[in-house]
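J.: If you number the sequence shown the way this note's numbering does, the last residue is 755 and the count never jumps. Every residue, glycine too, gets a C-beta built ideally from N, C-alpha and C. Computed from a predicted model, the values in this text were never measured in an experiment.
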Amino acid sequence: MMMMKRLIRLLALLFVPAIVQATTTVTGTMQNLGTGATTPNAFMRFWLRGCGGNQPRVSGTSLIAPSQGGVFYFDLAANSSGAVSGTLYSTRDSTGLLGGDINCGGSTTAVWYGMQAWFNGKAGPEVPVHAKSGTTLDISQVAPITTNPVVSSPTGDTTYARLDGANQPFQANVTPTGSGTLSLGSTGNRWNVNASAINASGAGTYSGNNTFSGANTFSSTVTLTGTATCNQFQKIRCVDTANSAGWGGSDPGAWINSASATCPSYTGPQVTPGVGPVAAPGGCTILLAQGAYTVSTPIQFVSGMELIGAGPEKTTLKAANSLNHSVVLIGVNAAETGQTAGTIYWTRVAFLSIDGNAQNQSSAVYDIHMGKVNTTYLDHLEIKNATSHSVAVDNGSLSSPASAGGGVGGFFIHYNNLIAAQTSFRNDSAGTAPAGIYCWGCADSWIDHNAIDDFNQTNGSSYGVYFRDSGDVHLTNNLISFGQVAGVRVETSGSGQQYVRDNFIDVTDMGVQFIGIGDAEIAGNFIRLGSSGTNSAIAAIRVQTASFRVLIDRNYGPVSLTNANGLQIDSGATAAAVQVGLNSFTVTGGGAEFVDNSFKSIGPKIPSLTFYETGTPNNGAGVSGQDWCYGDSTNHVLKCSINNGTYFNMTQSLAAGTATMTTAAIASGACGTTVTVGATGVATTDAITWSYNAAPAANPAQLVVSVWPTANNVNFQYCNPTANSITPTAATLNFRVTR
C-alpha cells in the first residue's frame, strides 16, 4: 500500500504543474452614494477565512502573523480620491481551480477572503472572494464566491488514491519531497498516459527513438540525444543517405524527385511593395543530410523548390558511372529531361558539392543544366568535374553543333535572373569548349563572389564565364583562373548590358573577350596573362566587334605572354563605340600596352584631369624613377618634378595664330609699320615664339623681325639694318605665346 501511495504522488507530480508563487494585485475605487470620493477614513479589509484554527503559511516563504488574536486580516486604505491599491497572497491559482500561495493545515484550497468595506469605523457586509494568483482583483467587479468551501478532515482512506479509483480524479498538485525518477514501466508492463494536452516547459532531454504525432509545442530548449527521423515538416522534406523517410525510387536522385512531388503547388511569384518579387506560397525545401550520394536518376526541379545540403564537401551529389546525363536539371526542355514546356520559377541550390564524374562518362554531362527558368539562386556550392560546362543555361536541342557551345542548345531562350554567389566552379575535363558558367540568353543575372577554376589547362577552347546573347548581366568580384580562350567571353547579338567589374582574372590567352553589339562596362579588373598560350591575337582585354557603348576603365595587371597586348581594339569595332579610360598594363612579352587596329584612337582617352592647388608636396622634389606634378597655390601654375628633379613650372600656351607682315618699302636703318594681332589674356611678362610659315625670300630674309607682347596683343615689326632700301615680299609668321 505504501508503494502505491508513493507512485500516486509521483504520477500527480508528472501531470500537475508545481505552484509558482505569485501574489494578487488589488485595485478599485470607493465612493459614496452621491458619486463622491470617500475621505481618508475609508479602507477595504480582507479577512482570511477557511483556516479552521490552523496557522496559515506561505510555503517556503513565510509564516502569516495574526492581526488580532487568532484572527487574520489585512487592510488597504483608500486615498483622498477613494482609490484602493495593494497586493495580497493568493488563495487560488490563475484559473481559480487549484491552490494559491496560502497553506492552512496542509491544504492550499481551503482558504478564501472575506472582503469588507469600512468607513468612519463602520463596516459593510462581508463578501467571500478568491484572490487569483498573478491576476488583478478589482473590488468593484470581483465575482463573489457563491458557496463557501467545505474542507473535510484529511483522515482515513480519503488521503490516498484508491486502486479502484473511487476517490479520483485529483485536482491539486502533488510535489515530491526530493529528486527521484518516475518510472512508467517497461515493455509489456507499463502505464499508458492519456491526456488532451501535456504542458512541458523548461529544458527536456529525450533519448532513444521517439515518435511525436499530432500537434506538439515545445516552449523551451529540447535536446535530442537519440535519432530524430525527418520526413515532412510543414514545407520541409528530408532526404538522407539511408532514405530513412522512405521516399520512392532506388537512388538518391529518385528519392529527391519523390520528395519534391509532395511539395505544395507553386502559384507563381508575388510582388511586395518596397521589396520586389518574392516567392509565393507553394514549393518546398529539400534538406539533404550530410553524406555522399551517387545519382543515377537526374534531379528534376519543380517551381518553388530549394535543394539545401549541409555544406560543400559535407554533402556531395556525384554522377553515377555512365550516367551521361546532367546531374541537376532545372526547367530544361524535353530533349534532355522529358519535361513538358513551361517555366520553372524561384529555385535554389545551396550548400553542397556536385561532382560530374567526368572520367567515367562517355558523353557530355553538365553538373547543372537550366533552361526556361525564372530566378534561380546558386550559392555556397562546389561544382566540379563536368565533361562540358559546370553550369549551362540554355533551352535548345542537344543536337546543336559544338560551335554553339560544346553541344549546347541553339535557341535564344526565355531566361531570367540567375544569381550565383560564393560558389566554387571547377572543370577538370577536356570536353568541347567547356566553361565554368555558360549562359545563353541570360537576363538580369548576377555572378558574384565566386571562384571559377580550371585544373585542366590542356584544353585550348575553354572559358571561365561565357555570356551568349545575354542582357543585363553582372559579373563582379569573382576569382577566375579558367580558360585557354578567355577568362570571360561576352558574345551578344542583343542590346542588353554586360558589366564585368572588379574581378581577379588569371588566365593564359585572353582575360576578357568582347564580341557583340550591346552596351558593356569592363572596369576595375586585375588581369594577369600567363607565360604560355595556344591562341593568336591575344590580349588582357580584346574588343573584336562593338557597335554600342563599351567602356574600358581602371583595368590593370601584368602581361607576360609572348606578343600579347594589354588592351586591343580590332577593326570590327564601330567608330566611337569604345571609350577607353585609365588602364594600366605592364607588358613584358613583346606586345603593346594599347593597340587600336580600328585607328580610332591611340592611347587612353581622358575626359579631364584636375590638379587641386596646394603647397609643395611632402615628397619634396619627387622620387627617383617617378614624375610628380601638382597645382601651385602661390603662383597658380602647374609644377612638375621629373625623375627626382627640382619642381619647375609647366609651360602654358596662352595664344597662337598668324601675323601678315607689311610689304611697304623700308628705308636703310629704319623700321617698318608694326603689325599687331589680338591675343586675349596675353600680358607683357609673357614670351612669344615665332617662325615663317614658308621659306622666306631674299627679302624679307635680310630684315630683322622684332617681337614683343602688350596687354592682350602680340606685335611684330620689320627693321632694315642694310645700307639700301628694301621692299619686303609677302610673308606670314606663325606665333605662340607661352607663360
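Can you grab the Cα-Cα spacing for the pair residue 254 / residue 393, in whole Å?
T.: The count along the sequence shown starts at 1 and reaches residue 254 at position 238. The count along the sequence shown starts at 1 and reaches residue 393 at position 377. Using only the alpha carbons, I get a separation of about 20 Å.
J.: Looking at the unbroken beta strand (DSSP E) that takes in residue 80, where does it start and where does it end?
T.: As a first step, residue 80 must be located in the sequence shown, where it is residue number 64. The continuous stretches of beta strand (DSSP E) do not include residue 80, and DSSP gives it neither H nor E.
J.: Does DSSP put residue 307 in a helix, in a strand, or in coil?
T.: Within the sequence shown, numbered from 1, the residue matching residue 307 stands at position 291. In this structure, residue 307 counts as strand in the three-state DSSP scheme.
J.: Would you mind working out which of 557, 259, 390 and 397 sits nearest residue 567, comparing C-alpha positions?
T.: Position 551 of the sequence shown holds residue 567. Measuring from the Cα of residue 567, the nearest candidate turns out to be 557.
J.: Quick one: measure Cβ to Cβ for residue 347 and residue 320, integer angstroms, because I've assumed they're closer than 8 Å.
T.: Taking the first residue of the sequence shown as position 1, residue 347 is located at position 331. Taking the first residue of the sequence shown as position 1, residue 320 is located at position 304. Their Cβ separation, rounded to whole angstroms, is 12 Å, which puts residue 347 and residue 320 out of contact at 8 Å.
J.: Below 7 Å CB to CB, which residues in the same chain sit around residue 750 once its five sequence neighbours on both sides are set aside?
T.: Locating residue 750 in the sequence shown gives position 734, where the first residue counts as 1. For residue 750, where only same-chain residues beyond five positions count, the Cβ hits under 7 Å are 674, 706, 707 and 709.
J.: Would you call residue 629 buried or exposed, if buried means 16 or more other Cβ atoms sit within 10 Å of its Cβ?
T.: Here residue 629 is taken as the residue at index 613 of the sequence shown, counted from 1. Answer is exposed; the Cβ neighbour count stays below 16.
J.: Determine the direct distance from the alpha carbon of residue 745 to that of residue 677, and round the result to whole angstroms.
T.: Taking the sequence shown and counting its residues from 1, the one referred to as residue 677 is at position 661. Taking the sequence shown and counting its residues from 1, the one referred to as residue 745 is at position 729. Those two C-alpha atoms are separated by around 9 Å.
J.: So what does DSSP say about residue 72, is it helix, strand or coil?
T.: As a working note, residue 72 is residue 56 in the sequence shown. Here residue 72 sits in strand by DSSP.
J.: Whose C-alpha, out of 323, 238 and 306, is nearest the C-alpha of residue 251?
T.: Within the sequence shown, residue 251 is the residue found at index 235, counting from 1. Per the Cα distances, 323.
J.: With distances taken from CA atoms, which of 565, 503, 304 and 564 is nearest residue 546?
T.: Residue numbering aside, residue 546 sits at position 530 when the sequence shown is read from its first letter. Of the candidates 565, 503, 304 and 564, 503 places its Cα closest to the Cα of residue 546.
J.: Using 8 Å as the Cβ pair cut-off and three pairs as the minimum, do the stretch 66-79 and the stretch 38-46 touch?
T.: The stretch 66-79 vs the stretch 38-46: no contact.
J.: What first and last residue would you give for the beta strand (DSSP E) that runs through residue 346?
T.: Locating residue 346 in the sequence shown gives position 330, counting from the first residue. Residues 344-346.
J.: Taking its Cβ as the centre, do 16 or more other Cβ atoms sit within 10 Å of residue 249, making it buried, or is it exposed?
T.: For this step, residue 249 is matched to residue 233 along the sequence shown. So residue 249 ends up on the exposed side.
J.: How should residue 117 be labelled, buried or exposed, when 16 other C-beta atoms within 10 angstroms of its C-beta is the threshold for buried?
T.: Along the sequence shown, read from residue 1 onward, the residue named residue 117 stands at position 101. It counts as buried.
J.: Assuming residue 332 contacts residue 309 (C-beta within less than 8 Å), just tell me the rounded distance between them.
T.: Here residue 332 refers to the residue found at position 316 of the sequence shown. Here residue 309 refers to the residue found at position 293 of the sequence shown. Yes, they are in contact, since the Cβ atoms of residue 332 and residue 309 sit about 7 Å apart, within 8 Å.
J.: What is the rounded straight-line gap between the Cα of residue 359 and the Cα of residue 388?
T.: On the sequence shown, position 343 is the one that residue 359 refers to. On the sequence shown, position 372 is the one that residue 388 refers to. Roughly 5 Å between the two C-alpha positions.
J.: Quick check on residue 94: does DSSP put it in helix, strand or coil?
T.: By one-based count along the sequence shown, residue 94 stands at place 78. Reduced to three states, the DSSP call for residue 94 is coil.
J.: Between which two residues does the beta strand (DSSP E) carrying residue 319 extend?
T.: By 1-based counting over the sequence shown, the position of residue 319 is 303. Looking at the DSSP string, residue 319 is not in any beta strand (DSSP E), and its letter there is neither H nor E.
J.: Is it right to say residue 84 is buried, meaning 16 or more other beta carbons lie within 10 angstroms of its own, or is it exposed?
T.: Position 68 of the sequence shown, counted from the first residue, corresponds to residue 84. So residue 84 ends up on the exposed side.
J.: Apart from the five residues just before and just after residue 70, which ones in its own chain have a Cβ nearer than 8 Å to its Cβ?
T.: Position 54 of the sequence shown, counted from the first residue, corresponds to residue 70. Counting only Cβ-Cβ distances below 8 Å, and skipping sequence neighbours, we find 120 and 121.
J.: Evaluate residue 385 with the Cβ neighbour count: other Cβ atoms within 10 Å of its Cβ, from every protein chain shown; 16 or more gives buried, anything less gives exposed.
T.: In the sequence shown, the residue the question calls residue 385 occupies position 369. Buried: at least 16 other Cβ atoms inside 10 Å.
J.: Within its chain, find whatever has a CB closer than 7 Å to the CB of residue 259; leave out the 5 residues flanking it on each side and keep chain order.
T.: Looking up residue 259 in the sequence shown gives position 243. These residues qualify, in order along the chain: 271.
J.: How about the stretch 714-723 and the stretch 656-664: do they share at least three Cβ pairs that are nearer than 8 Å?
T.: The stretch 714-723 is not in contact with the stretch 656-664.
J.: What are the partner residues of residue 506, as DSSP defines its beta bridges?
T.: If you number the sequence shown from 1, residue 506 lands on position 490. Its beta-bridge partners are 483 and 530.
J.: Using the C-alpha atoms, what's the distance from residue 236 back to residue 86?
T.: For this step, residue 86 is matched to residue 70 along the sequence shown. For this step, residue 236 is matched to residue 220 along the sequence shown. Cα-Cα distance, rounded: 45 Å.
J.: According to the Cβ coordinates, are residue 538 and residue 527 closer than 7 Å?
T.: One-based indexing of the sequence shown puts residue 538 at position 522. One-based indexing of the sequence shown puts residue 527 at position 511. Their beta carbons are not under 7 Å apart, which means residue 538 does not touch residue 527 by this criterion.
J.: Alpha carbon to alpha carbon, how far is residue 734 from residue 659? Give it in angstroms, no decimals.
T.: Working through the sequence shown from its first residue, we reach residue 659 at position 643. Working through the sequence shown from its first residue, we reach residue 734 at position 718. C-alpha separation (whole angstroms): 43 Å.
J.: Put residue 669 into one of helix, strand or coil per three-state DSSP.
T.: Your numbering for residue 669 matches position 653 in the sequence shown. Three-state DSSP puts residue 669 in a strand.
J.: Compare the beta carbon distance of residue 53 and residue 97 with 7 Å and say whether it is the shorter of the two.
T.: Taking the first residue of the sequence shown as 1, we reach residue 53 at position 37. Taking the first residue of the sequence shown as 1, we reach residue 97 at position 81. Yes, Cβ-Cβ distance for residue 53 and residue 97 is below 7 Å.
J.: Could you spell out the range, first to last residue, of the alpha helix (DSSP H) harbouring residue 274?
T.: Here residue 274 corresponds to residue number 258 of the sequence shown, with the count starting at 1. Residue 274 -> alpha helix (DSSP H) spans 268-276.
J.: Comparing alpha-carbon positions, which option in 366, 341 and 335 lies nearest residue 328?
T.: Position 312 of the sequence shown, counted from the first residue, corresponds to residue 328. Checking every option, the nearest Cα to that of residue 328 belongs to 366.
J.: Using only alpha-carbon positions, find the residue among 60, 732, 512 and 88 that is nearest to residue 73.
T.: Sequence index remark: in the sequence shown, residue 73 carries index 57 (1-based). Closest option to residue 73, Cα to Cα, is 88.
J.: Can you look up residue 716 in the DSSP assignment and give me helix, strand or coil?
T.: One-based indexing of the sequence shown puts residue 716 at position 700. Reduced to three states, the DSSP call for residue 716 is helix.
J.: Whole angstroms is fine: what's the gap from residue 571's alpha carbon to residue 233's?
T.: Position 555 of the sequence shown holds residue 571. Position 217 of the sequence shown holds residue 233. Residue 571 and residue 233: Cα-Cα distance of roughly 58 Å.
J.: Among 670, 672 and 723, which residue has its Cα nearest to the Cα of residue 689?
T.: Locating residue 689 in the sequence shown gives position 673, counting from the first residue. That would be 723, whose Cα lies nearest to the Cα of residue 689.
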